[in-house]
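A.B. asks: Per numbering that gives the first Met the number 0, numbering of the sequence shown is gapless, rising by one per residue and ending at 306.
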Amino acid sequence: MEQKSDFIVKFRGTRGSYPTPKENFLKFGGNTACVEVRCGNQLIILDAGTGIIDVGLDEIKNSIIESNKIPHKATILLSHIHQDHIQGLQFYKPLFVPSSKINLFGLNTNEENLKDTLKTILFDKVFPLGLDEIRSEFKIKNFNENDKIIISQNGEIKVCDDKINPINLKNDDIKITAYKTQAHPKNGCLCIKIEYKTKTLVYATDKESYIGADKKFIQFSYGADCLIHDAQYTYQDYINPIQPKQGFGHSTFEMAIENYKLAKAKKLFFFHYDPEYDDEKLSVLEKEFSNINENIFFAKENYEVNL
């Protein structure tokens, strides 16, 4: 039996664009983008689509009810602020527990402050509670391409510019860095890398590749133990003469495979499926692409990867 590590990845939302809460969409997942990551005793959440809601419900049950009211702590990383990556945040229940300590980092654009942006688009004008009324210790900070986030196992978080002020890491510290891709429309998107002990996870949602691959991204993700890569479209839909998807900021399955191979990653998980792709279609694609390589997988909601 495989020994369980202390670096665990769990898919909570695998769908792109909008949720698909229909019976024939649930095998691969109906919730939008969210990946739960456990590094030692630290919880990191990649994106806050509707999948984050169940993370919060489980945390309420496990941390607060069953574990003698241990305070909830989490770090949330937003790749960007399109709605399918933030639409579950207001319903993340630990936000409303006073003892919770939640740090959110994310890409913001146009020299704006991320806190001000989320305050406007998620809370004050569209939700019963304003951001300032949230009772937990909830901190929102901008996260830029040159920043490095270091999380220690006691929950201490340090942020520095990797080029100016590098930090000496302890063996069990978590290192988080990002690469900004401009392929996504308008404002770009962060690809996020989490390094813990000897293992590396790269999360590359909403990333459209280039002809000949994205060389900077290949360098960024080189040797990753697990690569989670956008694969919203089939090649046929991508080049469809009537409604082509080129320039929409998403990859085909073939693009994801090319990046996986060039980066020499150990495992590839397709992610961010088009909301029109039901279980039948994705099952056909799974059979086709999984036959290419035994280390190529289709992300499914609640599936765990043990790194």
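We treat Cβ as the ideally placed atom computed from N, Cα and C, and that holds for glycine. This one's a predicted model, so the numbers in the text were calculated from it and none came from an experiment.
1) Is it the case that the Cβ atoms of Val-36 and Ile-43 are separated by a distance below 8 Å?
2) Going by DSSP in three states, Glu-278 sits in which element: helix, strand or coil?
3) At which residues does the alpha helix (DSSP H) containing Val-54 begin and terminate?
4) Quick one: residues in its chain with C-beta nearer than 8 Å to the C-beta of Leu-281, no 5 flanking neighbours on either side, listed in chain order?
5) Quick one: what does DSSP say Leu-121 is sitting in, helix, strand or coil?
6) Could you check how far apart the C-beta atoms of Glu-136 and Lys-100 are, in whole angstroms? I think they sit under 8 Å.
7) Helix, strand or coil: how does DSSP classify Ile-217 here?
8) Contact check, Leu-113 vs Gly-105 under 8 Å by CB: the rounded distance?
9) Going by DSSP in three states, Leu-226 sits in which element: helix, strand or coil?
10) In whole angstroms, give me the CA-to-CA distance for Thr-119 and Asn-292.
11) Give the secondary structure of Phe-95 by DSSP, where H, G and I count as helix, E and B as strand, and everything else as coil.
12) I'd like to know whether the C-beta atoms of Ile-51 and Arg-11 end up nearer to each other than 8 Å.
13) Which of helix, strand or coil does DSSP assign to Thr-233?
14) For the ligand PLP, any of its heavy atoms closer than 7 Å to the Cβ of Ile-227?
15) Using 8 Å as the threshold, is the C-beta distance between Asp-213 and Asn-258 below it?
16) In chain order, what residues of the same chain lie with their CB nearer than 6 Å to the CB of Asp-224, ignoring the 5 residues before and after it?
17) Checking the sheet assignment: what are the DSSP bridge partners for Glu-35?
18) DSSP beta-bridge partners for Ala-73?
19) For Pro-20, is the classification buried or exposed, using 16 other Cβ atoms within 10 angstroms of its Cβ as the cut-off for buried?
20) Locate the alpha helix (DSSP H) running through Tyr-259, then write down its first and last residues.
21) Quick check on the burial criterion: 16 or more other C-beta atoms within 10 angstroms. Buried or exposed for Arg-14?
22) Figure out for me which residue from Leu-226, Ile-227, Gly-222 and Ser-250 has the closest Cα to the Cα of Gln-235.
C.D. replies: In this structure, then:
1) Yes; because the gap between Cβ atoms is below 8 Å, this pair is in contact.
2) The sequence as given places Asp at residue 278; Glu does not occur at that position. Asp-278 falls in the helix class under three-state DSSP.
3) DSSP places Val-54 in the uninterrupted alpha helix (DSSP H) bounded by 51 to 58.
4) Around Leu-281: Lys-26, Phe-27, Tyr-272 and Phe-297.
5) Residue state, collapsed to three classes: helix.
6) With 8 Å as the limit, Glu-136 and Lys-100 qualify as a contact, their Cβ atoms being about 5 Å apart.
7) In the structure shown, Ile-217 sits in a helix (DSSP, three-state: H, G or I).
8) Rounded, the Cβ-Cβ distance is 5 Å, consistent with contact.
9) Note: Leu-226 maps to strand in three-state DSSP.
10) Their Cα atoms are separated by approximately 45 Å.
11) Helix at Phe-95.
12) Yes, Cβ-Cβ distance for Ile-51 and Arg-11 is below 8 Å.
13) DSSP places Thr-233 outside both helix and strand once states are collapsed to three, so it counts as coil.
14) Because no ligand of any kind appears in the structure shown, any question about the ligand PLP cannot be addressed here.
15) Closer than 8 Å, so yes.
16) Once the five neighbours on either side are set aside, the close Cβ partners of Asp-224 are Lys-198, Thr-199, Lys-265 and Leu-306.
17) Answer by DSSP bridge pairing, in chain order: Lys-9 and Ile-44.
18) DSSP links Ala-73 through a beta bridge to Ile-101.
19) Pro-20 is exposed by the Cβ-count criterion.
20) Unbroken alpha helix (DSSP H) run through Tyr-259: 252 to 262.
21) Buried: at least 16 other Cβ atoms inside 10 Å.
22) Of the listed residues, the one whose Cα sits closest to Gln-235 is Ser-250.
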